[in-house]
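Undergrad: Below: one structure in C-alpha cells.
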Amino acid sequence: MTLASSPLYSDPVHLAPTDPTVIAGPDGSWWMFYTQRRAREPDGGNRWVHGTDIGVARSVDGGLTWTYDGVAAGLDPHPGRNTLWAPEVIRAGDRYHMFTSYIPGVPDRWEGHPRSILHHTSTDLIDWRYDGVLPLSSDRVIDACAHELPGGGWRLWYKDEAHGSTTWSVDSPDLSEWSAPIQVIGGAPHEGPNVFRLGDFYWMITDEWRGQAVYRSRDLTTWEQAGQILDERSLDRGVGHHADVVVGRDENGLELGWIFYFTHRTLANLNKNRVDNVVDPHRLTDVHVAVLRADGDRLSCDRDAPVALDLRRTV
C-alpha cells in the first residue's frame, strides 16, 4: 500500500496553491486546478492574491504524485492583467465545465471590488471556450460549486459577499439557463461551498476560516448543520481551507471521500529552501489530502492518519 505524501502538492513557481479542485481527465489521468497565488509578489498589501492564474497539476498514478503543468490558458475574456480564483470543474456528458471567480485588475486590498463567476467549457481540459458570466444575486460573488440534482439538471452554489458572505444557489437544466438565485446557508460569514454524496446523505462543507462547517441533506434542498472538520491543528499545522472532495473506495471496497484542502504554513513547518524572494513566508501554502468517512449522520476526518490515495478507485 502506497501512502500520499504530506504536503501532497506545492506550486513550484509561485509557492502558494489554494482552492484546489480535482477531476479525472479524458485520458485517465487526474487534473488539479487551483488558484495560483503569487507568494513572491514584491509589493505589499494584497496584490499577491490578485492577478492570479488558474494553476494546473496532473497525476498519472491515481493522485499520489502531481506534476506542475502550467496554467489554464484562454480563461480571461478581457485585456490586461486580471484576477482568476477558485476554479470549479465538472463533467457533464462529453463536456467539461469550469466556473471561476473573476475580479478586474490586480487590486491591493481584499474588499471593494466587483466579483463575478465566469463559465467556460472544454472537451479536453486544455482548450476552453468562454460561455459568459453567470446571472447571480449580486456583483460580489465568488467560489462556485456544482452538483447534479437527483431529478435531473444541476445546482450551483456560491458565496455572495454582498449578502453577508453567505451561500446562495441557482439551478439549471443544462448548465446554460439559470433560475433566480436563493439563499441556502445563512448565519455567520463563510465561503468555498463544496457539495458531494457520501453514504446516506448529500454533504456540504463551507470554509469558516476556523475549519470546515459541515451540513447534511437528503435532497440537496434542506440542509442541517452536522459539525465541523479540519478545524483542529494537526501535523500539517493550520486549519484546512477551501476544500474539494472526490468520492471513491478504499482497498477493501468501502466508500470514502478524499478531501483536498490547503493550509498556510506556520513558522514551525516553513521549508527554508522555499522562502527566497518571499516578502512574508506566511504567504506560502500547500495542498493536502485526508480521508473522509460517513459515520451515520456525521462525517469523520483524521488529518493525521495515513492516506492510501488511489483516485482510480472513484465511485
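Note that the numbering used here has the sequence shown beginning at 604, numbered continuously upward.
No residue lacks a Cβ here, since even glycine has one placed at the ideal position from N, Cα and C.
All figures in this text were calculated on a predicted structure; none of them were measured in a lab.
#1: With respect to the beta strand (DSSP E) encompassing glutamate 827, which residues constitute its N-terminal and C-terminal limits?
#2: So, using beta-carbon positions, are phenylalanine 702 and histidine 723 closer together than 9 Å?
#3: Would aspartate 847 and histidine 891 qualify as a contact pair, given that the criterion is a beta-carbon distance under 9 Å?
#4: On the criterion of 16 or more Cβ atoms from any shown chain inside 10 Å, does arginine 821 qualify as buried, or is it exposed?
#5: Classify proline 620: buried if its beta carbon has 16 or more other beta carbons within 10 angstroms, exposed otherwise.
#6: Does DSSP put valine 692 in a helix, in a strand, or in coil?
#7: Could you spell out the range, first to last residue, of the beta strand (DSSP E) harbouring histidine 716?
#8: Taking 8 Å as the cut-off, does the region 713-729 touch the region 766-773 (at least 3 CB pairs, one atom from each stretch)?
#9: The beta strand (DSSP E) with threonine 621 in it runs from where to where?
#10: So for lysine 875, helix, strand or coil by DSSP?
#11: Quick check on glutamine 828: buried or exposed, where buried means 16 or more other Cβ atoms within 10 Å of its Cβ?
#12: Could you tell me the distance, in whole angstroms, from the CA atom of leucine 914 to the CA atom of leucine 611?
#13: Roughly how far, in whole angstroms, is the beta-carbon of glycine 841 from the beta-carbon of valine 850, given that I think they are within contact range, below 8 Å?
#14: Check whether the region 651-658 and the region 898-909 are in contact - that is, three or more C-beta pairs closer than 8 Å.
#15: Select from Gly754, Arg886, Ile785 the residue whose C-alpha is nearest the C-alpha of arginine 643.
TA: Based on what the coordinates show:
#1: On the sequence shown, position 224 is the one that residue 827 refers to. Run containing glutamate 827: 827-832, per the beta strand (DSSP E) assignment.
#2: As a working note, residue 702 is residue 99 in the sequence shown. As a working note, residue 723 is residue 120 in the sequence shown. Yes.
#3: If you number the sequence shown from 1, residue 847 lands on position 244. If you number the sequence shown from 1, residue 891 lands on position 288. No.
#4: Indexing the sequence shown from 1 puts residue 821 at position 218. Its Cβ having fewer than 16 others within 10 Å, arginine 821 is exposed.
#5: Along the sequence shown, read from residue 1 onward, the residue named residue 620 stands at position 17. Classification for proline 620: buried.
#6: Locating residue 692 in the sequence shown gives position 89, counting from the first residue. Note: valine 692 maps to strand in three-state DSSP.
#7: Your numbering for residue 716 matches position 113 in the sequence shown. First-last for histidine 716: undefined, no H or E at that position.
#8: no
#9: Indexing the sequence shown from 1 puts residue 621 at position 18. Residues 618-627.
#10: What you label residue 875 is simply residue 272 of the sequence shown in a count that begins at 1. Reliability of the predicted coordinates at lysine 875 is poor, the pLDDT of 47 falling under 50, and the value obtained from them is presented with this limitation in mind. Note: lysine 875 maps to helix in three-state DSSP.
#11: Taking the sequence shown and counting its residues from 1, one reaches residue 828 at position 225. Its Cβ having fewer than 16 others within 10 Å, glutamine 828 is exposed.
#12: Taking the sequence shown and counting its residues from 1, the one referred to as residue 914 is at position 311. Taking the sequence shown and counting its residues from 1, the one referred to as residue 611 is at position 8. Approximately 14 Å, taken between the alpha carbons.
#13: Within the sequence shown, residue 841 is the residue found at index 238, counting from 1. Within the sequence shown, residue 850 is the residue found at index 247, counting from 1. At roughly 25 Å, the Cβ-Cβ gap does not stay under 8 Å, so glycine 841 and valine 850 are not in contact.
#14: no
#15: Taking the first residue of the sequence shown as 1, we reach residue 643 at position 40. Of the listed residues, the one whose Cα sits closest to arginine 643 is Arg886.
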